[in-house]
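**Q** Handing you a structure now.
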Ligand SMILES: [Zn+2]
Ligand SMILES: [Zn+2]
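In this note's numbering, the protein residues as written are 1465 to 1749.
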């Protein structure tokens, strides 16, 4: 049996990348020998290969919600896995609307897909992906891994999910994108690892000045739809989790703020092991 781990492939919040920045959200979870992809932001394909994954083994994908920093590279990942030899079914769990994205992606690549079926003898990619629409509660159980989901608070989206992955040995929870919610304390109760999104409050005004578009809409979105690091820390403490990892970091590319600032933001609210996410970090479970 291979070791259990989660690799944070992309750890920045939001879709934009700039020189020196980390990549949008994507994760690889290995449990009981199963390779599970959680979110497919830009860079997910490179990130998976970087972890040593054979893309033809892709079989299980979860997408938390339909913001581009979580699914922009979903189609390219599946297509690239197909060209890398994928012949077996992929189960894709995501919010309502993901089917329209997938159908449109396939339509946009129709010429290439048809050509490779004809010219290279590949199976039809259109028949390999089964989409399952997410709802709260039990999502699936397979090979000793059970998955449950709850809706988070991430307006204006309604279908935004946190995920819990359990085996008989470990319990990992992804917060998804969310404002701080009490429901997550219960959902993550006693987990071995909580991966929570986080913003650094002190750094937001500078970020707003750099990337804001002149209105206060972006700041208002951050404040109503995301979680400060200190609030993520409080949730982890109340949930009694064993370890806390911060990801979906906002900001992620401000040279004036580094790991120490995230540690300082959490201090006093969480005194357990803290992992400040960076792209490619592998956390043993
Ligand atoms: Zn996001
Ligand atoms: Zn989002």
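Positions of the beta carbon are idealized from the N, C-alpha and C atoms, including for glycine.
Predicted model only: the values in this text are computed from it and were never measured.
1. What residue from 1517, 1483, 1481, 1504 has the CA that sits closest to residue 1466's CA?
2. Less than 7 Å between C-beta atoms, sequence neighbours within five positions excluded: which residues of the same chain meet that for residue 1544?
3. For residue 1614 and residue 1626, which I take to be in contact (beta-carbon distance under 8 Å), what is that distance rounded to the nearest angstrom?
4. Tell me the residue span of the alpha helix (DSSP H) that contains residue 1649.
5. Quick one: is residue 1537 buried, meaning 16 or more other Cβ sit within 10 Å of its Cβ, or exposed?
6. Using 8 Å as the cut-off, classify the Cβ of residue 1489 as near or not near the heavy atoms of ligand 1, replying yes or no.
7. Would you tell me roughly how many angstroms separate the C-alpha atoms of residue 1742 and residue 1476, rounded to the nearest one?
8. Does the distance from the CB of residue 1691 to the CB of residue 1662 come in under 9 Å?
9. So for residue 1486, helix, strand or coil by DSSP?
10. Just to check, is the beta-carbon of residue 1478 closer than 8 Å to a non-hydrogen atom of ligand 1?
11. Going straight from the alpha carbon of residue 1490 to that of residue 1512, what length do you get?
12. Looking at the unbroken alpha helix (DSSP H) that takes in residue 1543, where does it start and where does it end?
13. Closest to residue 1642 by C-alpha separation, out of 1660, 1630, 1494, 1533, would be which residue?
14. Rounded to whole angstroms, how far is the Cβ of residue 1747 from the Cβ of residue 1657, which I believe are closer than 8 Å?
15. In whole angstroms, give me the CA-to-CA distance for residue 1488 and residue 1722.
16. Between residue 1720 and residue 1667, is the Cβ-Cβ spacing less than 9 Å?
17. Within 10 angstroms of the Cβ of residue 1503, are there 16 or more other Cβ atoms? Answer buried if so, exposed if not.
18. Exposed or buried, what is residue 1571 when buried is set at 16 or more other beta-carbons lying within 10 Å of its beta-carbon?
**A** Walking through what the data contain:
1. Comparing C-alpha distances from residue 1466 to each of 1517, 1483, 1481, 1504 shows the shortest one belongs to 1517.
2. For residue 1544, where only same-chain residues beyond five positions count, the Cβ hits under 7 Å are 1509, 1519.
3. Yes, they are in contact, since the Cβ atoms of residue 1614 and residue 1626 sit about 5 Å apart, within 8 Å.
4. 1646-1651 is the span of the alpha helix (DSSP H), which, as asked, contains residue 1649.
5. Per the 10 Å Cβ criterion, buried.
6. Residue 1489 Cβ: within cutoff of ligand 1.
7. Approximately 8 Å between the Cα atoms of the pair.
8. The answer is yes: Cβ separation under 9 Å.
9. In the structure shown, residue 1486 sits in coil (DSSP, three-state: anything other than H, G, I, E or B).
10. Checking every heavy atom of ligand 1 against the Cβ of residue 1478, one is found closer than 8 Å.
11. Cα-Cα distance, rounded: 9 Å.
12. Segment 1538-1547, the alpha helix (DSSP H) holding residue 1543.
13. The candidate whose alpha carbon is nearest that of residue 1642 is 1660.
14. That pair is a contact at about 7 Å.
15. Within the model, the alpha-carbon separation for residue 1488 versus residue 1722 is close to 18 Å.
16. If you check the CB distance, residue 1720 and residue 1667 come in under 9 Å.
17. Classification of residue 1503: buried, given that the 10 Å Cβ count is 16 or more.
18. Label assigned to residue 1571: exposed.
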